[in-house]
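Now the structure itself:
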């Protein structure tokens, strides 16, 4: 699996991984399940990005989102074409 390498302030190299975050939105007016593939360095960063994106797109507060699983996946497992393209060299 090819990965991009980025530099943080202390000049340590880190790997960007692909995470699949699955969960449910339980808003009073809106109920649905979701599965989202996210590129992040750590699982915590992937969770934060899901909260930001879904909150922005669906106008849902974090307390109305319930996350069930966060797992690292390979480039081949993702269905997101942008993530596949960014993961290649």
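In my numbering, the protein residues as written are 25 to 113. Glycine is no exception: its CB is placed at the ideal position from the N, C-alpha and C atoms.
Closest by C-alpha distance to residue 65, out of 57, 108, 48 and 39, is 39. The alpha carbon of residue 89 has as its nearest neighbour, out of 42, 41, 37 and 46, the alpha carbon of 46. Around the Cβ of residue 50, a 10 Å sphere holds fewer than 16 other Cβ atoms; the residue is exposed. For residue 37, there is no enclosing alpha helix (DSSP H); the enclosing beta strand (DSSP E) has its first and last residue at 37-39.
Looking at the DSSP output, residue 77 bridges to nothing. Contact check for residue 41 against residue 96 passes: the beta carbons are separated by less than 8 Å.
When DSSP states are grouped into helix, strand and coil, residue 48 belongs to the strand group. The beta carbons of residue 52 and residue 94 sit no closer together than 8 Å.
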